[in-house]
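Peer 1: Structure provided below as structure tokens; questions to follow.
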């Protein structure tokens with residue numbers, strides 16, 4: 140990304156340089172700088188480990204391992220090269236290796252990271268504070284693994300691969316790191332190039348549509364109707380997938396089960412790629428355009444004086460995941476369908 144200095148009536152291009160020319164290296168410099176300043180790459184991350192490689196075998200290491208605000212693990216790979224090397228393949232291996240990480244393991248490695256960097260904090264308390272949790276919620280931790288690739292630039296092979304992988308439900312973004320010189324000082328800029336930030340909501344919608352199209356090509360159109368019960372008593376029967384979130388929330392509300400803990404569980408749920416509960420002012424244009432919430436109606440649930448709407452972005456791919464999570468969280472809650 141070119142940078143310019145404004146001088147009177149002209150724009151003077153700033154001198155661009157490279158990490159190689161400035162003798163900056165991935166581990167010695169980029170990793171060291173980013174581990175405590177990760178907001179340069181993403182403001183909603185907390186780094187919990189560097190050079191992480193506690194595998195059963197092999198000596199490969201994740202440059203930086205982080206957690207995002209949705210309690211997902213984030214694998215961050217750094218390169219100083221102009222083409223990114225084969226970083227996407229490395230990152231996918233690493234993501235697979237940490238996919239089953241437990242909460243207690245994350246706390247343990249974060250404790251070590253804090254100690255190694257001279258930071259006097261309790262790891263579990265800091266994680267809970269970052270995630271806005273009153274207490275650890277092990278079942279909600281590491282439901283997904285994201286990948287961030289940060290490099291001076293990326294080859295066409297990498298960008299093409301990342302676009303294709305994102306279409307097939309991986310979550311990978313590319314951050315371009317640029318260096319410039321200003322009065323003998325080095326200036327770093329970071330720019331997300333995949334996915335384009337302004338198109339991110341739209342791309343989620345496209346992935347969801349393609350996912351459902353792939354499923355429907357192998358099967359006739361899904362016309363399943365669902366029934367939801369509590370303590371073996373039917374609460375609602377024969378409703379479509381689009382209402383599974385709504386009827387689940389209403390059942391919990393009618394049975395007086397929504398306290399602060401349960402509300403936080405529902406509020407943070409993203410099983411359908413969108414937050415289960417949203418205030419109207421939190422909705423994006425894309426979510427309104429494609430009617431992901433019934434925002435034109437009265438609020439569907441009110442909690443502590445605020446009216447929320449319930450996501451209706453349900454399909455064959457994400458409905459089973461939501462059902463499994465809810466039945467595990469509420470053992471008396473059961474779902475069935477005419478397709479069972």
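Numbering (my numbering), first residue to last: 140 to 479. For each residue, glycine too, the CB sits at the ideal point set by N, CA and C. Being a predicted model, the structure only gives us computed values, none of them experimental.
What is the C-beta distance between residue 282 and residue 210, in whole angstroms, given that I count them as a contact (C-beta under 8 Å)?
Peer 2: Correct: roughly 7 Å between the Cβ atoms.
Peer 1: Which one or two residues does DSSP pair with residue 289 in a beta bridge?
Peer 2: Note: residue 289 sits in a beta bridge opposite 217 and 314.
Peer 1: According to DSSP, simplified to helix, strand and coil, what is residue 409?
Peer 2: Here residue 409 sits in coil by DSSP.
Peer 1: Please determine, among 182, 178 and 206, the residue with the shortest C-alpha to C-alpha distance to residue 265.
Peer 2: Measuring from the Cα of residue 265, the nearest candidate turns out to be 206.
Peer 1: Please report the straight-line C-alpha distance between residue 453 and residue 363, rounded to a whole angstrom.
Peer 2: Computed Cα separation, rounded: 12 Å.
Peer 1: Between residue 208 and residue 269, what straight-line distance do the alpha-carbon atoms span, to the nearest angstrom?
Peer 2: If you take the alpha carbons of residue 208 and residue 269, they lie about 7 Å apart.
Peer 1: Examine the ligand GTP and report whether any of its heavy atoms sits within less than 8 Å of the Cβ of residue 150.
Peer 2: With respect to the ligand GTP, the structure shown offers nothing to examine, as it has no ligands at all.
Peer 1: Residue 287 and residue 314 - do their beta-carbons sit closer together than 9 Å?
Peer 2: In this structure, residue 287 lies closer than 9 Å to residue 314 by Cβ.
Peer 1: Would you identify the three-state DSSP class for residue 282, choosing helix, strand or coil?
Peer 2: Of the three classes helix, strand and coil, the one that applies to residue 282 here is coil, per DSSP.
Peer 1: Using 9 Å as the threshold, is the C-beta distance between residue 365 and residue 377 below it?
Peer 2: Closer than 9 Å, so yes.
Peer 1: For residue 141, which residues does DSSP report across the bridge?
Peer 2: The partner list for residue 141 (beta bridge, DSSP) is empty, contrary to what the question assumes.
Peer 1: Pull the bridge partners of residue 429 from the DSSP assignment, please.
Peer 2: In DSSP, residue 429 forms no bridge with anything.
Peer 1: Would residue 399 be called buried (16 or more neighbouring beta carbons within 10 Å of its own) or exposed?
Peer 2: That one is exposed.
Peer 1: Quick one, which of 403, 381, 476 and 369 has its alpha-carbon nearest residue 391's?
Peer 2: Considering only alpha carbons, the answer is 369.
Peer 1: Identify, in the order they occur along the chain, each residue of the same chain with its Cβ nearer than 6 Å to the Cβ of residue 320, setting aside the five sequence neighbours on each side.
Peer 2: 154 and 156.
Peer 1: Does the count of Cβ pairs from the region 320-330 and the region 247-257 closer than 8 Å reach three?
Peer 2: Contact between the region 320-330 and the region 247-257 is absent, because fewer than three Cβ pairs lie under 8 Å.
Peer 1: So what does residue 152 bridge to, in DSSP terms?
Peer 2: According to DSSP, which records beta bridges pairwise, residue 152 is partnered with 143.
Peer 1: Should residue 219 be labelled buried (16 or more other beta-carbon atoms within 10 Å of its own) or exposed?
Peer 2: Buried.
Peer 1: Can you say whether residue 474 is buried or exposed, counting buried as having 16 or more other CB atoms within 10 angstroms of its CB?
Peer 2: Per the 10 Å Cβ criterion, buried.
Peer 1: State the CB to CB distance for the pair residue 212 and residue 301, rounded to an integer number of angstroms; the pair is presumed to be in contact (CB under 8 Å).
Peer 2: The pair is not a contact, with the Cβ atoms about 18 Å apart (cut-off 8 Å).
Peer 1: Whether or not the region 416-428 and the region 436-456 are in contact is what I'm after, with contact meaning three or more pairs of Cβ atoms, one per stretch, closer than 8 Å; do they touch?
Peer 2: They touch, by the three-pair rule.
Peer 1: Closest to residue 407 by CA distance: which of 169, 238, 280 and 229 is it?
Peer 2: The residue with the shortest Cα to Cα distance from residue 407 is 280.
Peer 1: Would residue 330 be called buried (16 or more neighbouring beta carbons within 10 Å of its own) or exposed?
Peer 2: Classification of residue 330: exposed, given that the 10 Å Cβ count is below 16.
Peer 1: If you follow the alpha helix (DSSP H) that residue 391 is part of, which residue opens it and which one closes it?
Peer 2: Residues 383-393.
Peer 1: Only counting the same chain, and skipping five residues up and downstream in sequence, which positions put a Cβ closer than 7 Å to that of residue 307?
Peer 2: Taken in chain order, the list of residues that qualify is empty.
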